[in-house]
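A.B. asks: I am attaching a structure below and will ask some questions about it afterwards.
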Amino acid sequence: PDDRAPELNAIDATHDSVSLVWNRGAHASGYHLDRSSEGAIGFQRVTDRLEQGVSYVDRGLSPDTTYRYRLEYISDTGELLESNTATITTRSLPASCDPYFNDNVTHVSEGRARVWFGFTFARGSWDYMGLWNLFTETALFRDNDGFKVGVCPIGNGS
Numbered sequence: 011p012d013d014r015a016p017e018l019n020a021i022d023a024t025h026d027s028v029s030l031v032w033n034r035g036a037h038a039s040g041y042h043l044d045r046s047s048e049g050a051i052g053f054q055r056v057t058d059r060l061e062q063g064v065s066y067v068d069r070g071l072s073p074d075t076t077y078r079y080r081l082e083y084i085s086d087t088g089e090l091l092e093s094n095t096a097t098i099t100t101r102s103l104p105a106s107c108d109p110y111f112n113d114n115v116t117h118v119s120e121g122r123a124r125v126w127f128g129f130t131f132a133r134g135s136w137d138y139m140g141l142w143n144l145f146t147e148t149a150l151f152r153d154n155d156g157f158k159v160g161v162c163p164i165g166n167g168s
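Numbering (my numbering), first residue to last: 11 to 168.
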C-alpha cells in the first residue's frame, strides 16, 4: 500500500474548464475536491460526494482566471487531511469566427493559404481552394488548426 499523501496535479485548462488528476495514496476511502479563485478567501467544495476515481474535470469556470485546488480526504485512522495545492489559469475566451472572403492570391499573400503546383490550399487544414489566381475567390474561416474553406459554423459567427 502507498503511505504517501495523494499528489494533485492540474494538467490542462480551456477557457471554462480545468482537468485535474491525482495519485491514490494514504489509504483514503475517497476524496473531496476544493477550489479557490483569485481574490477569494479560503476554499469552496467542488464535489459534494466522495470521489472514488483519480481525475476530475471542473467545468463552468471563468476565462483568464487563476484557480487553486486541493483534495480533502479521510485517512484510514479517521483523520481529515489535505493534499498539496495545484494552481492553474484558465485560457482566454476563444475568438468568434473571423471569416475571410478574397481571391486566392490575396489569401496566399496574407498567410491564410499556400500554393502547391499552381493549386491553392488553406493553411493548416490543407482544404483545396482551386487555382492560384486573382479570379478564383474563396471563403475561409479560422479554426484551431489554421484556416478552413467555408463560412463560420452556425452559432459561432461574428
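Where is the CB? At the ideal position from N, CA and C, for every residue including glycine.
The model shown is predicted, which means the values in this text are computed figures rather than measured ones.
Identify the continuous beta strand (DSSP E) that holds histidine 42 and give its terminal residues.
C.D. replies: Taken as a continuous stretch (DSSP letters only), the beta strand (DSSP E) holding histidine 42 covers 41–47.
A.B. asks: Grab the span of the beta strand (DSSP E) containing threonine 97 for me, first residue to last.
C.D. replies: Where threonine 97 is concerned, the enclosing beta strand (DSSP E) stretches over 96–99.
A.B. asks: Can the beta-carbon of glycine 134 be found less than 9 Å from the beta-carbon of aspartate 155?
C.D. replies: Yes.
A.B. asks: Suppose contacts are defined by Cβ-Cβ distances below 9 Å. Is tyrosine 41 in contact with leucine 81 by that definition?
C.D. replies: For tyrosine 41 and leucine 81, yes; Cβs fall inside 9 Å.
A.B. asks: Which two residues bound the contiguous beta strand (DSSP E) that contains serine 119?
C.D. replies: Where serine 119 is concerned, there is no enclosing beta strand (DSSP E), although the alpha helix (DSSP H) it sits in stretches over 114–119.
A.B. asks: Are the beta-carbon atoms of alanine 20 and isoleucine 98 separated by less than 9 Å?
C.D. replies: Yes, they are a contact pair.
A.B. asks: So is phenylalanine 127 buried or exposed if we call it buried at 16+ other beta carbons inside 10 Å?
C.D. replies: With fewer than 16 other Cβ atoms within 10 Å, it is exposed.
A.B. asks: Given this structure, state the Cα-to-Cα distance separating glycine 35 from serine 85, to the nearest angstrom.
C.D. replies: Their Cα atoms are separated by approximately 9 Å.
A.B. asks: Take the Cβ of leucine 150 as the centre, count every other Cβ of all protein chains shown within 10 Å, and call the residue buried at 16 or more, exposed below.
C.D. replies: The residue in question, leucine 150, is buried, as its Cβ has 16 or more Cβ neighbours within 10 Å.
A.B. asks: Near asparagine 112, what residues of its chain come up, given a Cβ to Cβ distance below 7 Å and the 5 sequence neighbours on each side ignored?
C.D. replies: Cβ within range, chain order: Glu147.
A.B. asks: Let me know the secondary structure DSSP gives serine 72 once reduced to three states.
C.D. replies: Coil at serine 72, not helix or strand.
A.B. asks: Would you say glutamate 48 and tyrosine 79 are within 9 Å of each other, going by their C-beta atoms?
C.D. replies: No, Cβ-Cβ distance for glutamate 48 and tyrosine 79 is not below 9 Å.
A.B. asks: Need the endpoints of the beta strand (DSSP E) that valine 28 sits in, please.
C.D. replies: Taken as a continuous stretch (DSSP letters only), the beta strand (DSSP E) holding valine 28 covers 27–32.
A.B. asks: How many angstroms separate the CA atom of arginine 69 from the CA atom of glycine 160?
C.D. replies: Each residue's alpha carbon lies about 31 Å from the other.
A.B. asks: If you run the structure through DSSP and keep just helix, strand and coil, what is glycine 128?
C.D. replies: Of the three classes helix, strand and coil, the one that applies to glycine 128 here is coil, per DSSP.
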